[in-house]
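**Student:** Pasting a structure here, questions to come.
4 protein chains.
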Amino acid sequence: MIVNPYQHIQEEAYAANMQLPELGLVLFTFGNVSAADRSLGVFAIKPSGVPYKDLSPDKMVIVDFDGKTVQGNLRPSSDTLTHAVLYKHWEKIGGVVHTHSVYGTAWAQAQRDIINYGTTHGDHTTVDIPCAPPMSDEMIAGDYEYQTGFQIMNCLAERGLSYEECEMILVGNHAPFTWGKNADKAVYNSAVLETVAKMATLTEQINPNAPRLKDALIKKHYERKHGPHSYYGQ
Amino acid sequence: MIVNPYQHIQEEAYAANMQLPELGLVLFTFGNVSAADRSLGVFAIKPSGVPYKDLSPDKMVIVDFDGKTVQGNLRPSSDTLTHAVLYKHWEKIGGVVHTHSVYGTAWAQAQRDIINYGTTHGDHTTVDIPCAPPMSDEMIAGDYEYQTGFQIMNCLAERGLSYEECEMILVGNHAPFTWGKNADKAVYNSAVLETVAKMATLTEQINPNAPRLKDALIKKHYERKHGPHSYYGQ
Amino acid sequence: MIVNPYQHIQEEAYAANMQLPELGLVLFTFGNVSAADRSLGVFAIKPSGVPYKDLSPDKMVIVDFDGKTVQGNLRPSSDTLTHAVLYKHWEKIGGVVHTHSVYGTAWAQAQRDIINYGTTHGDHTTVDIPCAPPMSDEMIAGDYEYQTGFQIMNCLAERGLSYEECEMILVGNHAPFTWGKNADKAVYNSAVLETVAKMATLTEQINPNAPRLKDALIKKHYERKHGPHSYYGQ
Amino acid sequence: MIVNPYQHIQEEAYAANMQLPELGLVLFTFGNVSAADRSLGVFAIKPSGVPYKDLSPDKMVIVDFDGKTVQGNLRPSSDTLTHAVLYKHWEKIGGVVHTHSVYGTAWAQAQRDIINYGTTHGDHTTVDIPCAPPMSDEMIAGDYEYQTGFQIMNCLAERGLSYEECEMILVGNHAPFTWGKNADKAVYNSAVLETVAKMATLTEQINPNAPRLKDALIKKHYERKHGPHSYYGQ
Chain W
1 MIVNPYQHIQ EEAYAANMQL PELGLVLFTF GNVSAADRSL GVFAIKPSGV PYKDLSPDKM
61 VIVDFDGKTV QGNLRPSSDT LTHAVLYKHW EKIGGVVHTH SVYGTAWAQA QRDIINYGTT
121 HGDHTTVDIP CAPPMSDEMI AGDYEYQTGF QIMNCLAERG LSYEECEMIL VGNHAPFTWG
181 KNADKAVYNS AVLETVAKMA TLTEQINPNA PRLKDALIKK HYERKHGPHS YYGQ
Chain A
235 MIVNPYQHIQ EEAYAANMQL PELGLVLFTF GNVSAADRSL GVFAIKPSGV PYKDLSPDKM
295 VIVDFDGKTV QGNLRPSSDT LTHAVLYKHW EKIGGVVHTH SVYGTAWAQA QRDIINYGTT
355 HGDHTTVDIP CAPPMSDEMI AGDYEYQTGF QIMNCLAERG LSYEECEMIL VGNHAPFTWG
415 KNADKAVYNS AVLETVAKMA TLTEQINPNA PRLKDALIKK HYERKHGPHS YYGQ
Chain R
469 MIVNPYQHIQ EEAYAANMQL PELGLVLFTF GNVSAADRSL GVFAIKPSGV PYKDLSPDKM
529 VIVDFDGKTV QGNLRPSSDT LTHAVLYKHW EKIGGVVHTH SVYGTAWAQA QRDIINYGTT
589 HGDHTTVDIP CAPPMSDEMI AGDYEYQTGF QIMNCLAERG LSYEECEMIL VGNHAPFTWG
649 KNADKAVYNS AVLETVAKMA TLTEQINPNA PRLKDALIKK HYERKHGPHS YYGQ
Chain F
703 MIVNPYQHIQ EEAYAANMQL PELGLVLFTF GNVSAADRSL GVFAIKPSGV PYKDLSPDKM
763 VIVDFDGKTV QGNLRPSSDT LTHAVLYKHW EKIGGVVHTH SVYGTAWAQA QRDIINYGTT
823 HGDHTTVDIP CAPPMSDEMI AGDYEYQTGF QIMNCLAERG LSYEECEMIL VGNHAPFTWG
883 KNADKAVYNS AVLETVAKMA TLTEQINPNA PRLKDALIKK HYERKHGPHS YYGQ
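Residue numbers (the working numbering), protein chains in the order written: chain W, 1 to 234; chain A, 235 to 468; chain R, 469 to 702; chain F, 703 to 936.
Laid out in structure tokens, this is it:
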């Protein structure tokens with residue numbers, strides 16, 4: 001009997017990928033989730049271009065943090081190298097998600113940070129969700145997906161943000177990426193980003209001069225959920 | 235055999251909470267409903283951070299009107315003190331709802347009252363749905379959820395409105411709260427607020443100079459449903 | 469054995485009412501459909517304020533063209549007199565629908581005619597969908613729902629339109645009404661109005677100077693579906 | 703036993719038509735798909751005005767590339783001649799779709815090309831999705847649907863585009879048409895067009911000065927999916 005040492009992350013990645021269509025975050029195959037096992041130094045990721053209805057846990061491809069396929073007959077997601085770069089450099093994350101969700105993508109195309117207009121946003125991060133600029137022509141012509149990972153890291157660095165303070169980003173001209181302690185949390189963050197992006201779009205339509213969330217509320221709402229004295233959840 | 239004296243409001247609160255995802259008013263756990271029994275001086279409320287699919291009537295936490303937990307092993311909603319304040323001061327309400335529904339929240343973020351543009355709005359209240367200003371830094375830094383209840387009451391008082399004339403409000407920078415004679419009516423009001431907020435957004439997009447609902451129609455539509463000679467319903 | 473002479477229109481009205489939530493045209497009970505039998509001089513209409521899930525054919529109330537209840541224990545829709553007036557004056561219609569569908573209502577609140585911007589609109593009527601002005605205070609204070617019927621008829625008359633050329637209207641400050649040869653066609657028209665209203669909203673957002681549908685296309689598309697040489701359908 | 707030589711394209715056309723309501727691309731019967739067999743010189747197309755729930759493979763009408771019905775008792779889609787013209791002139795296509803999807807139609811009514819604002823668009827075509835101008839009065843008054851096919855071909859020719867570079871178009875005042883190597887791909891293109899149209903609408907709302915997709919990204923994303931060294935999919 002052959003033991004599959006990756007079954008747990010294949011199941012985690014499968015379940016997380018299947019949440020994307022349920023949450024209305026993907027059309028066809030325009031999205032992918034990965035789940036990592038840091039002790040094994042690998043992650044499981046959706047195969048490229050396979051419809052969600054045809055997925056199963058055993059089809060999740062196992063890839064190491066340099067982007068090399070370790071197990072699996074299918075080609076991994078075309079965005080695999082971006083996932084690999086983030087896992088390699090951010091040692092506390094266990095899941096990464098990329099979608100082309102409609103409102104998040106529209107803000108990425110508009111090349112604007114999603115402004116923190118209210119507590120729905122403030123419950124999840126204290127800062128505006130950054131929009132990284134489109135990559136330079138050199139980065140694009142080179143190892144594109146690999147460079148996308150660096151573009152994300154560079155943007156956070158320039159804003160003075162850690163990947164733990166802000167688990168979401170937009171890549172200009174392109175679409176959102178999110179991450180978290182595991183695949184489930186990363187998917188959760190993708191849904192939050194999409195909702196917050198829709199609310200910000202409508203807020204500006206209703207009042208083009210809408211003010212940002214007050215500093216006192218930014219502090220309060222973030223601490224309710226994430227501070228040392230948090231009292232949200234069980 | 236142990237008798238549970240709170241079963242009726244746990245079941246009422248459970249059923250009302252389960253309506254929120256069905257009506258499209260919540261993402262994940264971003265909302266909560268409570269149901270009160272005034273003779274017992276308590277209300278049943280959703281536990282904090284528990285997904286709707288994992289809820290059951292016995293998980294509803296029983297809390298008194300000062301916000302103290304009377305029965306239940308789970309932590310009640312982080313918004314519990316806001317509910318408690320409203321029950322304590324408004325003696326005719328039996329249900330309270332808080333959501334982050336998308337259009338209602340966008341108006342709260344825009345910090346504008348939802349204008350009464352038509353009979354859909356006018357069937358439910360004669361006035362614009364007020365947007366309370368964001369709280370002062372002192373209120374936020376203090377007992378935040380408790381003060382949110384007072385912010386709501388103060389806003390109605392400043393507008394000269396009773397909680398029976400207008401069963402809905404926005405809290406600026408934050409999101410909507412609604413109430414009613416029972417939990418079911420409070421949920422109904424949350425859905426009405428969301429629909430009316432969407433219609434108002436579109437009305438201003440289609441005609442930035444759209445007029446308000448005529449006074450004669452405000453009077454007529456409200457009396458059709460709520461006046462002494464009402465003729466809506468059975 | 470008691471024969472119910474109205475069973476056929478009760479079943480027609482029931483089935484047509486049940487289409488409203490399926491088509492996304494109503495929230496709660498904010499809409500009603502009636503179906504007439506002209507040989508009997510009566511119509512069957514939804515009872516007032518009864519949720520769609522609790523409806524059944526036998527609950528449809530039978531009313532004559534003067535608005536008097538002929539059969540049924542429930543109170544008919546509060547909009548019954550508007551339906552009665554239209555049946556009484558327009559001898560070829562067999563169904564009437566009133567909804568508060570979101571986009572149609574937003575145009576009614578904006579008090580603008582829905583402009584004929586394309587063939588989706590032009591397949592159903594050659595003209596802009598009229599928005600009748602809000603009624604005078606005298607009409608509102610009088611027999612309101614009865615006068616709503618006359619407001620609709622007067623608006624068509626002022627535009628020089630027959631009820632056969634245009635089976636849809638908006639009542640300013642209020643919401644849409646549609647009609648047709650039977651209840652099914654009237655519901656179809658309500659769904660068309662909502663879709664056309666949404667398309668017109670977006671068209672103006674994408675191009676504030678968007679031109680109207682060309683006269684030659686107005687003529688062509690209407691004749692494809694409705695002219696003596698129509699070739700749409702079986 | 704009678705052999706039906708067209709069963710395979712009837713089944714293909716049926717399955718593809720049934721995807722339109724599932725993907726939210728049609729209201730009622732406002733859309734149609736055809737599937738061709740080039741060796742037989744015919745295509746199967748939806749019958750005109752038949753609701754999707756009443757369709758079955760054997761109801762698909764078989765038509766030749768001159769628009770003449772070869773098999774079937776029902777009248778084919780009123781847009782059949784447009785399909786025929788495209789099959790006749792574009793020898794590598796196997797499927798054609800016409801819908802009145804909401805965002806695509808709004809851009810057609812606005813008479814604007816859908817601008818390539820991001821990689822979601824760029825994954826499918828390097829160019830803006832063209833909007834052909836409304837036809838001349840002479841073309842409309844003549845053989846309208848036949849001329850619609852030429853209007854589409856002329857528009858691509860004027861832009862210097864082949865039907866393989868861009869498998870989607872808008873017809874001004876009217877709605878989208880798409881095509882592809884088979885019916886399934888043509889439906890896929892219709893869904894992509896609708897999503898891209900919605901994203902472009904929102905992008906311009908969020909930032910009226912949003913820049914186009916960078917040339918380097920246009921090249922990169924198209925080659926990822928379609929170039930000789932493509933690495934998307936299996």
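Every residue gets a Cβ at the ideal spot worked out from N, C-alpha and C, and that includes glycine.
In this text, all values refer to a predicted model and were calculated from it rather than measured experimentally.
Taking only beta-carbon positions, decide if T429 of chain A is within less than 9 Å of chain R.
**Tutor:** For T429 of chain A, the answer is yes, since a Cβ of chain R falls inside 9 Å of its Cβ.
**Student:** Using a Cβ-Cβ cut-off of 9 Å, state whether M135 of chain W counts as contacting chain A.
**Tutor:** M135 of chain W does not count as touching chain A.
**Student:** Measuring only between beta-carbons, confirm whether R926 of chain F sits less than 9 Å from chain W.
**Tutor:** Chain W contact via Cβ: present.
**Student:** How far does the alpha helix (DSSP H) with P410 of chain A in it extend, from its first residue to its last?
**Tutor:** Here P410 of chain A belongs to no alpha helix (DSSP H); instead the beta strand (DSSP E) covers 410-414.
**Student:** When you compare the CB of I908 of chain F with every CB in chain W, is at least one pair closer than 9 Å?
**Tutor:** Answer yes: the Cβ-Cβ gap between I908 of chain F and chain W drops below 9 Å somewhere.
**Student:** With three or more C-beta pairs closer than 8 Å as the rule, is the stretch 836-845 of chain F touching the stretch 754-767 of chain F?
**Tutor:** No, the stretch 754-767 of chain F does not touch the stretch 836-845 of chain F.
**Student:** For chain R, check one thing: does any of its Cβ atoms lie closer than 9 Å to the Cβ of A893 of chain F?
**Tutor:** Output row for A893 of chain F: interface = no.
**Student:** Does the Cβ of S282 of chain A have 16 or more other Cβ atoms within 10 Å, making it buried, or fewer, making it exposed?
**Tutor:** Buried is the call here.
**Student:** Please return the same chain residues whose Cβ sits closer than 6 Å to the Cβ of L254 of chain A, not counting the five positions on each side in sequence.
**Tutor:** Around L254 of chain A: V260, G265.
**Student:** Listed from N- to C-terminal order along the chain, which residues in the stretch 816-838 of chain F have their beta-carbon within a distance smaller than 7 Å of any beta-carbon of chain W?
**Tutor:** Listed in sequence order: Y819, G820, T821, T822.
**Student:** In the DSSP assignment, find the unbroken beta strand (DSSP E) run with I152 of chain W in it and report its ends.
**Tutor:** First-last for I152 of chain W: 144-159, but that is the alpha helix (DSSP H), not the beta strand (DSSP E).
**Student:** Checking 9 Å against the spacing of the C-beta atoms, do V267 of chain A and A417 of chain A come in under that value?
**Tutor:** Yes, they are a contact pair.
**Student:** Mind listing, in chain order, the continuous beta strand (DSSP E) runs of no fewer than 3 residues lying wholly within the stretch 520-571 of chain R?
**Tutor:** The stretch 520-571 of chain R contains these whole beta strand (DSSP E) runs: 529-532, 537-539, 563-567.
**Student:** Name, please, each residue of chain R whose Cβ falls closer than 8 Å to the Cβ of H876 of chain F.
**Tutor:** Within chain R, the residues near H876 of chain F are G586, T587, L685.
**Student:** Sort F:V787, F:P753, F:F730, F:V705 by Cα distance to F745 of chain F and report the nearest one.
**Tutor:** Cα-wise, what sits closest to F745 of chain F is F:V787.
**Student:** Determine whether the beta carbon atoms of Q234 of chain W and L308 of chain A lie at a separation below 9 Å.
**Tutor:** Cβ distance < 9 Å, so Q234 of chain W and L308 of chain A count as in contact.
**Student:** Relative to chain R, which residues along the stretch 741-763 of chain F have a C-beta separation below 8 Å, given in chain order?
**Tutor:** Flagged, chain order: P749, S750, G751, V752.
**Student:** Hey, how far is the Cα of G258 of chain A from the Cα of A175 of chain W?
**Tutor:** The straight-line gap from Cα to Cα measures roughly 25 Å.
**Student:** Would you report the Cα separation of D313 of chain A and Y754 of chain F, rounded to the nearest angstrom?
**Tutor:** Cα to Cα, the separation comes out at about 47 Å.
**Student:** Check whether the Cβ of S546 of chain R lies closer than 9 Å to any Cβ atom in chain A.
**Tutor:** Interface residue, yes.
**Student:** For K887 of chain F and H928 of chain F, I'd like the C-alpha separation in whole angstroms.
**Tutor:** K887 of chain F and H928 of chain F: Cα-Cα distance of roughly 14 Å.
**Student:** Using a Cβ cut-off of 9 Å, which residues of the stretch 323-350 of chain A contact any Cβ in chain W, in chain order?
**Tutor:** Listed in sequence order: H334, V336, Y337, T339, A340, W341, A342, Q343, A344, Q345, R346.
**Student:** Evaluate A247 of chain A with the Cβ neighbour count: other Cβ atoms within 10 Å of its Cβ, from every protein chain shown; 16 or more gives buried, anything less gives exposed.
**Tutor:** It counts as buried.
**Student:** Taking Cβ to Cβ, would you say E326 of chain A is nearer than 9 Å to F299 of chain A?
**Tutor:** The question names Glu, but residue 326 of chain A is Lys in the sequence shown. Contact flag unset, no.
**Student:** Please tell me whether P445 of chain A has its Cβ less than 9 Å away from any Cβ of chain R.
**Tutor:** Judged by the 9 Å Cβ criterion, P445 of chain A is in contact with chain R.
**Student:** Between the stretch 889-898 of chain F and the stretch 116-134 of chain W, do three or more beta carbon pairs fall short of 8 Å?
**Tutor:** Result no; under three Cβ-Cβ pairs closer than 8 Å.
**Student:** Quick one: is Q702 of chain R near chain F, going by C-beta distance under 9 Å?
**Tutor:** Chain F contact via Cβ: present.
**Student:** Quick check: the Cα distance between A717 of chain F and T801 of chain F, rounded to an integer number of angstroms?
**Tutor:** Approximately 16 Å between the Cα atoms of the pair.
**Student:** Could you check if H463 of chain A is buried or exposed, using at least 16 other CB atoms within 10 Å of its CB as the buried criterion?
**Tutor:** With fewer than 16 other Cβ atoms within 10 Å, it is exposed.
**Student:** If L685 of chain R sits next to G590 of chain R, beta carbons under 8 Å apart, how far is it from one beta carbon to the other, in whole angstroms?
**Tutor:** 6 Å between Cβ atoms; contact.
**Student:** Straight-line CA distance for H826 of chain F to M870 of chain F?
**Tutor:** Straight-line Cα distance between these residues: approximately 10 Å.
**Student:** On a Cα-Cα basis, can you pick out the residue from F:A912, F:S803, F:L872, F:T828 that is closest to P835 of chain F?
**Tutor:** With distances taken between Cα atoms, P835 of chain F lies closest to F:L872.
**Student:** For Y890 of chain F, tell me which candidate among W:S77, W:V3, W:S39, W:T29 has the shortest Cα-Cα distance.
**Tutor:** Per the Cα distances, W:T29.
**Student:** Can you check which of these residues, F:I704, F:M762, F:Y924, is closest to E713 of chain F by C-alpha distance?
**Tutor:** Out of F:I704, F:M762, F:Y924, F:M762 has the C-alpha closest to the C-alpha of E713 of chain F.
**Student:** By the three-class DSSP mapping on this structure, what secondary structure does L447 of chain A have?
**Tutor:** In this structure, L447 of chain A counts as coil in the three-state DSSP scheme.
**Student:** I want to verify the contact list: residues of chain W whose CB lies under 7 Å from the CB of L192 of chain A, in sequence order.
**Tutor:** As displayed, chain A neither begins before 235 nor continues past 468, which places residue 192 of chain A out of reach and without an answer.
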